[in-house]
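Novice: Read in our numbering, the sequence shown has 119 at position 6, and its numbers run on one by one without any break. Below is a structure I'd like to ask you about.
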Amino acid sequence: MAHRWNNDLTRADVTPKAAFLNRRQILAGTAGLGAIGLVGTGAQAQTLEPNTLEEITTYNNYYEFGTGKTDPAQNAGALVTSPWSVKVDGMVDNPGDYALDDLLAGLTVEDRIYRFRCVEAWSMVIPWNGIELADILNKVGVQAGAKYVAFETVVQPENMIGVRRRVLDFPYVEGLRLDEAMHPLTIMATGVYDEPLANQCGAPIRLVVPWKYGFKSIKSIVRITLTDQEPPTSWNKANPREYGFYSNVNPTVDHPRWSQATERKVGGGLFAARQPTPMFNGYPEVASLYEGMDLTAFY
Ligand SMILES: Nc1nc2c(c(=O)[nH]1)N[C@H]1C(S)=C(S)[C@@H](COP(=O)(O)O)O[C@H]1N2
Ligand SMILES: [Mo]
């Protein structure tokens, strides 16, 4: 697949794993990354260092494999990720059961270093490889009248210890408004650090919406549905008082049980100061999607 670099961070922001940086520079054909940054973060610019692959693959939320942070790394080896197909249905021109490779054929894998902020107030910086969701949606052909995209995670009860325990109503489901889904920051990730996604990170393909709380970024997707109705979402179904449909990162709106003003960076060490959480997790370019909406009202 073709490869193109774009990234919201400048070179000064990034001190990635050395090999990753070198390969990116060679691919980009430039000595630095800043010159080709696409999405500026302006005032939000801060010193960000991507988490290690070890951190990204051993501290996870994936309740189908247990509720502890290390449970997914321990249990997700049982997930069967090949063959993998994705059902595309609803208001699309080309519905069908797509083999994953067919769905992604001809589309460009991008490298994106994104902040990732869980609603539980921990965060990471993750160097994803993924495809813009808009590219996939344009390929299957969104019909006029579609307003939302719904996503569903695979259910393999025999391989998923947490599904057997029914801690959530599985399959895990999520959704976006169509304009959120089409935003260039929204990707379907297939890798991290140029390695295929680890099972516990949502192999073989998962959503990443960097300005929303992490639970919107649904893992191991087997179904994408275009609809004109706001789709149900797992955490909203489980606890509507605490988790809304939009769930944009917002430091001024606290969770009913804790503050969202600051976050703990995973791997920062025991004595590291908590960091302030920026509005939209540091992606102010999405603000125009919510013009006229009361941002405090749809937590
Ligand atoms: N299917 C599924 N997707 C999921 C979850 C889950 O439990 N099941 N957890 C969500 C939550 S709460 C977060 S914070 C992120 C965690 O992604 P990571 O483990 O790759 O950091 O995945 C999200 N996607
Ligand atoms: Mo989360």
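C-beta: ideal position from N, C-alpha, C; glycine also. Being a predicted model, the structure only gives us computed values, none of them experimental.
From A259, W348, P208 and C314, pick the residue whose C-alpha is nearest to that of V280; which is it?
Specialist: Checking every option, the nearest Cα to that of V280 belongs to W348.
Novice: Give the straight-line distance between the Cα atoms of E162 and L310, rounded to the nearest whole angstrom.
Specialist: Roughly 20 Å separates the two Cα atoms.
Novice: At a cut-off of 6 Å, would you count K200 as near ligand 1, judging by its Cβ distance to the nearest heavy atom?
Specialist: No, Cβ of K200 sits at least 6 Å from all heavy atoms of ligand 1.
Novice: The beta strand (DSSP E) spanning A259 covers which residue range?
Specialist: That residue, A259, is in no beta strand (DSSP E); it is neither H nor E in DSSP.
Novice: Since I believe Y211 is in contact with V193 (beta carbons under 8 Å), could you give me their beta-carbon distance rounded to a whole number of angstroms?
Specialist: With 8 Å as the limit, V193 and Y211 do not qualify as a contact, their Cβ atoms being about 18 Å apart.
Novice: Taking Cβ to Cβ, would you say L402 is nearer than 7 Å to D292?
Specialist: Taking 7 Å as the Cβ cut-off, L402 and D292 qualify as a contacting pair.
Novice: Quick check: the Cα distance between L339 and H296, rounded to an integer number of angstroms?
Specialist: Each residue's alpha carbon lies about 16 Å from the other.
Novice: Mind listing, in chain order, the residues whose beta carbon lies closer than 7 Å to a non-hydrogen atom of ligand 2?
Specialist: Those residues, listed in chain order, are N174, C231, V232, E233, Y326, G327 and F328.
Novice: Beta-carbon separation of R225 and N394 under 7 Å?
Specialist: Not a contact, by the Cβ cut-off of 7 Å.
Novice: Candidates G209, Q373, K378 and P240: which alpha carbon is nearest M392's?
Specialist: Nearest option by C-alpha distance: Q373.
Novice: Tell whether a beta-carbon distance below 7 Å holds between Y175 and K350.
Specialist: Result no, Cβ atoms of Y175 and K350 do not sit closer than 7 Å.
Novice: For the pair the region 244–252 and the region 212–223, tell me if three or more CB-CB distances fall below 8 Å.
Specialist: Touching, per the Cβ criterion.
Novice: Going by DSSP, what residues sit across from Q388 in a beta bridge?
Specialist: Note: Q388 sits in a beta bridge opposite E376.
Novice: Identify which residue in I244, G288 and Y359 has its Cα closest to the Cα of A410.
Specialist: Of the listed residues, the one whose Cα sits closest to A410 is Y359.
Novice: Classify V366 as helix, strand or coil using the three-state DSSP reduction.
Specialist: Of the three classes helix, strand and coil, the one that applies to V366 here is coil, per DSSP.
Novice: From the DSSP secondary-structure annotation, give me the bridge partner or partners of N361.
Specialist: Answer is K325, bridged to N361.
Novice: In the DSSP assignment, find the beta strand (DSSP E) that holds L289 and state where it starts and stops.
Specialist: V286 to R290 is the span of the beta strand (DSSP E), which, as asked, contains L289.
Novice: Taking the CB atoms as reference points, tell me whether G164 and G382 lie closer together than 7 Å.
Specialist: Checking the sequence, you will find Asn at residue 164 rather than Gly. No. Outside cutoff.
Novice: At a cut-off of 6 Å, is K332 close to ligand 1 when judged by its beta-carbon and the heavy atoms of the ligand?
Specialist: Yes, the Cβ of K332 comes within 6 Å of a heavy atom of ligand 1.
Novice: Quick one: is P427 buried, meaning 16 or more other Cβ sit within 10 Å of its Cβ, or exposed?
Specialist: Outside the displayed range of the chain (114 to 412) lies residue 427, so it cannot be described from this structure.
Novice: For V305, which three-state DSSP category applies?
Specialist: The answer is strand: DSSP assigns V305 an E or B state.
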